[in-house]
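Quick notes on the structure that follows.
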Amino acid sequence: MLRRMRFRHPKRPALLLAAALLLGAAGAYTVKPGDTLFSIARAHGTTVEELTRLNHLTGATIEVGQTLWLPGEVPPTPAPAAQASDPPALPQPVPAGTSQIAGVTVTAPARLRMGDAFVLRLSGPRAGQATVRFPSEVGEDVRLPNEKLTPIGAAGEYVVLGRVVLGKTTPVVYEVSVGGDLVRGSIPVADLGQTVQHLNLPPSISGKLEDPGRKAEDAAVEKAYALRTPQVWTRPFQPAVNVKAQSSAFGQPRTYVAGGPVLYHYGTDYPAPVGTAVLAVNDGTVVLAGKYPVRGGLVVIDHGAGLTSLYFHQSKVLVKPGQKVTRGQKIGEVGTTGLSAGPHLHLEMRVRGEGTNPAGWMNRIWPR
Ligand SMILES: [Zn+2]
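In mature numbering (1 follows the signal peptide of the UniProt record, and there is no 0), the protein residues as written are -28 to -1, 1 to 340.
Take a look at the structure:
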């Protein structure tokens, strides 16, 4: 992520990296005596027009105690039609692959979307000796082009975890080789079809991007992304909070400051009251736990196979680095710490450091 952003915007990498981590807020502004639409707009770096549009106001009159939603904030319980949601899960993919090389059958998804995690399935007597590469991702932050094969189920069956980088709609190319044989496949990638959201962040929030502790925070997270430990989960993934609503969907393209570049939301936001239990999505080892300037109360769990789950903005962190956790174990409590404007959990599921759609993981062992 860092490298890609530097490439695109070499002059402001630090700001952009931090901006990419920003959360959609679940809070709102309550009108106080003396407020006007203009004064509220000015204080939050937005315009009267934008406030009028967001709140469906019909005139300039506002009342003390009235709740106003600000740019980048979506009510936690909006009308069904307006509710943010992750892109729906794809139907079971048509096996496009089932390509055959001597002793190995390769099965790949027929199609993918930006931010999808997926697996290549390898079977056959020589599957365990195969080497898998994703040449389309070289230069796109692939840290280990030759990923390890993870045995599954029956003997001779393996999967390799892949993911589609957000912002990239060129086909994913994979290569599987055994000895001198090689099979090469290509999977088309579709956009998520989301319209760009313009946040126009107020300085009170964007100022956290300048926190001197941020560099160490980013470095610590990058280190977690680089981990390559054996897969430890054996059961399906479960939600991290017991809420259904989302205040900001995975993959949402955004600008954070007026005229700024379009960046993607690498996780999903779930609004919930401060103190709501945050649960481990699956078994793993805590690799980071503590308070950080941007991500706030943060826990990072390594699940092995290049997969990490991240939980941002917690009011309380109840685990320590090195600690083993089990699926559903309480690891902290929802809060609004760090770069956040209202209580919510921001959950990320990173595959080799790239954000993948959390919805694609829930209630299954592997994404499809
Ligand atoms: Zn978020």
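Don't be surprised by glycine CBs; every beta carbon is placed ideally from N, CA and C.
For the beta strand (DSSP E) that contains L251, what are its first and last residues?
-> For this step, residue 251 is matched to residue 279 along the sequence shown. Here the beta strand (DSSP E) through L251 covers 249 to 251.
Kindly list the residues whose CB is nearer than 8 Å to the CB of V323, restricted to its own chain and excluding five residues on each side of it in sequence; keep chain order.
-> Here residue 323 corresponds to residue number 351 of the sequence shown, with the count starting at 1. Cβ within range, chain order: A89, L133, G134, R135, G278, L279.
Near ligand 1: D241 beta-carbon under 6 Å from a heavy atom | Here the question's residue 241 lines up with position 269 in the sequence shown. True, at least one ligand heavy atom lies under 6 Å from that Cβ.
In DSSP terms, what V168 is bridged to | Counted from its first residue, the sequence shown places residue 168 at position 196. Answer is none; V168 lacks a bridge partner.
Whether I303 touches L290 by CB criterion (7 Å) | If you number the sequence shown from 1, residue 303 lands on position 331. If you number the sequence shown from 1, residue 290 lands on position 318. In this structure, L290 lies closer than 7 Å to I303 by Cβ.
Stretch-stretch touch, CB-based, cutoff 8 Å, three pairs: the segment 168 to 178 with the segment 99 to 111 | no
Give every residue of the same chain whose Cβ lies closer than 8 Å to the Cβ of G268, excluding the five residues on either side of it in the sequence, and list them in chain order.
-> Numbered from its first residue, the sequence shown carries residue 268 at position 296. Only F284, H285, Q286, G307, T308, T309, G310, L311, S312 meet the Cβ criterion.
Between which two residues does the beta strand (DSSP E) harbouring E320 extend?
-> As a first step, residue 320 must be located in the sequence shown, where it is residue number 348. Taken as a continuous stretch (DSSP letters only), the beta strand (DSSP E) holding E320 covers 316 to 323.
For E305, the first and last residue of its enclosing beta strand (DSSP E) = Here residue 305 is taken as the residue at index 333 of the sequence shown, counted from 1. That run of the beta strand (DSSP E) goes 302 to 305.
What residues in its chain sit with their C-beta under 8 Å from that of L317, if we drop five residues either side in the sequence?
-> Taking the first residue of the sequence shown as 1, we reach residue 317 at position 345. Here the set comprises A212, V213, D241, Y242, A244, T248, V250, Y283, F284, H285, Q286, V306.
Quick one: does the C-beta of H318 sit closer than 6 Å to a heavy atom of ligand 1?
-> The residue labelled residue 318 in the question sits at position 346 within the sequence shown. Checking every heavy atom of ligand 1 against the Cβ of H318, one is found closer than 6 Å.
Would you give the residue range spanned by the alpha helix (DSSP H) that R186 belongs to?
-> On the sequence shown, position 214 is the one that residue 186 refers to. Start and end: 186 to 197.
If you draw a straight line from the alpha carbon of W333 to that of T141, how long is it in whole angstroms?
-> Taking the first residue of the sequence shown as 1, we reach residue 333 at position 361. Taking the first residue of the sequence shown as 1, we reach residue 141 at position 169. Computed Cα separation, rounded: 21 Å.
Report the rounded CA-to-CA distance for N335 versus N254, giving the unit in angstroms.
-> As a first step, residue 335 must be located in the sequence shown, where it is residue number 363. As a first step, residue 254 must be located in the sequence shown, where it is residue number 282. Spanning the two alpha carbons is a distance of roughly 10 Å.
Could you name the residues that DSSP lists as bridge partners for L84?
-> What you label residue 84 is simply residue 112 of the sequence shown in a count that begins at 1. As DSSP reads the structure, L84 sits in a beta bridge with V161.
Considering only the beta carbon of each residue, do Y146 and A99 sit closer than 7 Å?
-> One-based indexing of the sequence shown puts residue 146 at position 174. One-based indexing of the sequence shown puts residue 99 at position 127. No, they are not a contact pair.
Have a look at V246, V150, I337, V144 and flag the residue whose alpha-carbon is nearest the alpha-carbon of G314.
-> In the sequence shown, the residue the question calls residue 314 occupies position 342. Per the Cα distances, V246.
Of the choices V161, S95, P143, A188, whose alpha-carbon is the least far from that of V150?
-> Position 178 of the sequence shown holds residue 150. Minimum Cα distance to V150 is reached at S95.
Determine the direct distance from the alpha carbon of G185 to that of V72, and round the result to whole angstroms.
-> Start at 1 with the first residue of the sequence shown, and residue 72 comes out as number 100. Start at 1 with the first residue of the sequence shown, and residue 185 comes out as number 213. Looking at the sequence itself, residue 72 is Gln, so the reference to Val does not match. Spanning the two alpha carbons is a distance of roughly 51 Å.
Taking C-beta to C-beta, are Y236 and G139 nearer than 7 Å?
-> Locating residue 236 in the sequence shown gives position 264, where the first residue counts as 1. Locating residue 139 in the sequence shown gives position 167, where the first residue counts as 1. In this structure, G139 lies closer than 7 Å to Y236 by Cβ.
What separation, rounded to the nearest whole angstrom, lies between the Cα atoms of A61 and F10?
-> Position 89 of the sequence shown holds residue 61. Position 38 of the sequence shown holds residue 10. Because the pLDDT at A61 is just 49, under 50, the model does not fix this residue reliably, and the value given afterwards should be weighed accordingly. Near 42 Å, if we compare the C-alpha coordinates of F10 and A61.
For the alpha helix (DSSP H) holding L9, just list the boundary residues, first then last.
-> Mapped onto the sequence shown, residue 9 falls at position 37. First-last of the alpha helix (DSSP H) with L9: 9 to 15.
What separation, rounded to the nearest whole angstrom, lies between the Cα atoms of G327 and Q210?
-> Along the sequence shown, one-based indexing puts residue 327 at 355. Along the sequence shown, one-based indexing puts residue 210 at 238. Cα to Cα, G327 sits roughly 17 Å from Q210.
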